[in-house]
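Under UniProt numbering, the residues of the sequence shown are numbered 1 to 416, in order.
Read the structure below first, then the notes.
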Amino acid sequence: MQRKGDACPPGPGDCRVERGRGRREAQGFITLVCRGDRSTMSTAGKVIKCKAAVLWETNKPFSIEEVEVAPPRAHEVRIKMVATGICRSDDHVVSGHIVSPFPVILGHEAAGIVESIGEGVTSVKPGDKVIPLFIAQCGKCRRCKHQESNICMKNDLPSKYQGKLQDGTTRFTCRGKSIHHFMGTSTFSQYTVVDEISVAKIDAASPLEKVCLIGCGFSTGYGSAVKVAKVTQGSTCAVFGLGGVGLSVIIGCKAAGAARIIAVDINKDKFAKAREVGATECVNPQDYDKPIEEVLQEMSNGGVDFSFEVIGRLDTMASALLCCDKSFGVSVIVGVPPDSQILPVDPMLLLTGRTLKGAIFGGFKSKDSVPKLVTDFMAKKFPLDPLITNVLPLEKINEGFDLLRSGKSIRTILSF
Ligand code: COD
Ligand code: ZN
Ligand code: ZN
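Laid out in structure tokens, this is it:
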């Protein structure tokens, strides 16, 4: 039941609360009017028909379809999407490098507003601004309880994507067929349903078309520097790969006080942006006739303190490991190579003291950290604008993926 002052939960017609001006209102009653769809005040408990980008099979374009989104069940939340980024991992599903059941609604880097909640939901309410979490945090399992881990045991992880919510079913239907979820988020849809453990409430004043990046790319890179590597003041860092995630690693190294940040990429067009966000030097391995790890060792008087592989290739993972100091260097794997390739490692490289580590989502416990990261963004502790190169409507999703594949975009935001 809505009361005076309550926000109208967002509906398909972009409902807004308006004051009526009749006799009842003069007596102090409040009339709630929907500007968009005047007939429906609340969509709670009802199936919502809306637009979504459905991927029916691998290596095909997305198809904009009308889908039915069922109401949230117990411990679930239905979200009206406002903005979603296009991430490389979504494209890995299109190409078949990440195996996920079809048909599917992809998308996992987004921000929106809660439309309705299922029974038992306590951490969010209709009208709250939220970010869906592709890494869930139940807060109860042994990994959630471990201080360092962020891989909740309830995650729908790449090794076993089921494309279902926690209760083993889906909330999407299209042309009479059940459509799979993706990493518990499925944000390429005007409405989605997620488990309560897969959504975080964020600052009501935050710009959703920017903070959506905190849902994946930004946090993955930034956390790899500040949380996983724990970059130290005055240190020297090397970052391999200057896509949106690599640039976010640089932003993290700078925030942690690194004195030198060496950006490495074979595409020199990426260097200007890398410098803009904090790189102090940029190197192109193709400009040298010796291995890039030797170049970096020479540049850093024997080896960098911290190195990051943010490409997803085995050869650059080896170079990143070799370029860090053999005794105290820390090398972080951020990229994932396709086709389950194996990285052979000479144990001697580690016996001398090097550390090789990796993390998903920057090692952040999602439900705890995402609201704090949004607060930090609002306090101007880091920028997001340099990562956003294109904004398109959902209908132009295929254009957004073409921009990603051609290397012309850093992040494309789809707006709803
Ligand atoms: N040497 C140097 N640079 C190279 C090389 C090379 N041999 N090959 C390519 N590059 C450069 C490219 O020119 C490009 O600038 C950059 O590497 C890669 O950038 P993008 O835009 O392709 O990638 P990002 O930044 O959007 O994402 C990179 C990841 C490695 C993080 C991503 O692809 C990935 O592997 N994600 C899975 C890991 C993960 O955490 N997944 C969870 C949900 S996403
Ligand atoms: Zn992602
Ligand atoms: Zn858990």
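Every residue gets a Cβ at the ideal spot worked out from N, C-alpha and C, and that includes glycine.
All of these numbers come straight from a predicted model, not from anything done at the bench.
Closer than 7 Å: residue i CB and nearest ligand 2 heavy atom
i: residue 417; result: In the structure as shown, the chain begins at 1 and stops at 416. Residue 417 is therefore absent and cannot be evaluated.
i: Asp-216; result: According to the sequence displayed, residue 216 carries Cys and not Asp. Flag set: Cβ of Cys-216 near ligand 2.
i: residue 441; result: Nothing in the structure corresponds to residue 441, since the chain is present only between 1 and 416.
i: His-108; result: yes
Proximity test, residue i beta-carbon vs ligand 1 heavy atom, cut-off 7 Å
i: Val-99; result: no
i: Asp-265; result: yes
i: Pro-386; result: no
i: Arg-313; result: yes
i: Ile-413; result: no
i: Val-226; result: no
i: Lys-201; result: no
i: Gly-241; result: yes
i: Phe-134; result: yes
i: Val-93; result: no
i: Thr-220; result: yes
i: Gly-96; result: no
i: Thr-316; result: yes
i: Cys-334; result: A small correction: the amino acid at residue 334 is Val; Cys does not occupy that position in the sequence shown. The answer is yes for Val-334.
i: Lys-290; result: no
i: Val-310; result: yes
i: Lys-270; result: yes
i: Val-245; result: yes
i: Gly-407; result: yes
i: Ile-360; result: yes
i: Pro-103; result: no
i: Pro-285; result: yes
Cβ-Cβ distance between residue i and residue j below 8 Å
i: Ile-197; j: Cys-138; result: yes
i: Thr-58; j: Gly-96; result: yes
i: Tyr-161; j: Pro-103; result: no
i: Val-211; j: Phe-377; result: yes
i: Lys-51; j: Leu-394; result: yes
i: Cys-323; j: Ser-307; result: yes
i: Thr-84; j: Phe-172; result: no
i: Val-114; j: Pro-132; result: no
i: Gly-363; j: Val-228; result: yes
i: Thr-352; j: Lys-381; result: no
i: Gly-244; j: Leu-387; result: yes
i: Ile-410; j: Thr-389; result: yes
i: Val-124; j: Lys-46; result: no
i: Ala-225; j: Val-249; result: yes
i: His-92; j: Phe-134; result: no
i: Leu-356; j: Leu-321; result: yes
i: Gly-221; j: Gly-184; result: no
i: Ala-263; j: Val-231; result: no
i: Ile-48; j: Leu-414; result: no
i: Gly-223; j: Cys-253; result: no
i: Met-317; j: Thr-192; result: no
i: Asn-267; j: Gly-407; result: yes
i: Cys-199; j: Val-304; result: The amino acid occupying residue 199 in the given sequence is Val; Cys does not appear at that position. No, the pair does not count as a contact, with Cβ atoms beyond the cut-off.
i: Pro-61; j: Asn-301; result: no
i: Ser-319; j: Ile-292; result: yes
i: Phe-401; j: Val-54; result: no
i: Asp-167; j: Arg-73; result: yes
i: Glu-65; j: Cys-174; result: yes
Residue i: CB within 7 Å of a non-hydrogen atom of ligand 3
i: Met-153; result: yes
i: Arg-354; result: no
i: Arg-73; result: no
i: Cys-253; result: no
i: Arg-143; result: yes
Contact belief for residue i with residue j at Cβ below 8 Å, rounded distance in angstroms
i: Leu-106; j: Asp-128; result: In fact, because the Cβ distance is near 24 Å, the residues do not count as touching under 8 Å.
i: His-75; j: Gly-120; result: 5 Å
i: Ile-214; j: Val-370; result: 6 Å
i: Val-310; j: Gly-335; result: 6 Å
i: Lys-154; j: His-181; result: So it is not a contact: roughly 14 Å between Cβ atoms.
Contact test: residue i Cβ vs ligand 4 heavy atom, cutoff 7 Å
i: Pro-132; result: Although ligand 4 was asked about, the structure shown includes only ligand 1, ligand 2 and ligand 3 as ligands.
Q | Contiguous alpha helix (DSSP H) assignments of at least 4 residues, all confined to the segment 43 to 123 | A | 88 to 95
**Q.** Segments of 4+ residues assigned as alpha helix (DSSP H) that fall wholly inside the segment 349 to 397
**A.** 366 to 378
(Q) What ranges does the alpha helix (DSSP H) occupy inside the segment 220 to 255, keeping only unbroken runs of at least 4 residues that lie completely in it? (A) DSSP assignment within the segment 220 to 255 yields the following whole alpha helix (DSSP H) runs of 4 residues or more, N-terminal first: 244 to 255.
Q.
So within the segment 270 to 294, which uninterrupted alpha helix (DSSP H) runs reach at least 4 residues, ignoring any that extend past its ends?
A. Fully contained in the segment 270 to 294 are the following alpha helix (DSSP H) runs of length 4 or more, in chain order: 271 to 277.
Q) At what residue ranges does the segment 178 to 210 contain a whole run of the beta strand (DSSP E), taking only runs of 3 or more? A) 191 to 195, 199 to 201
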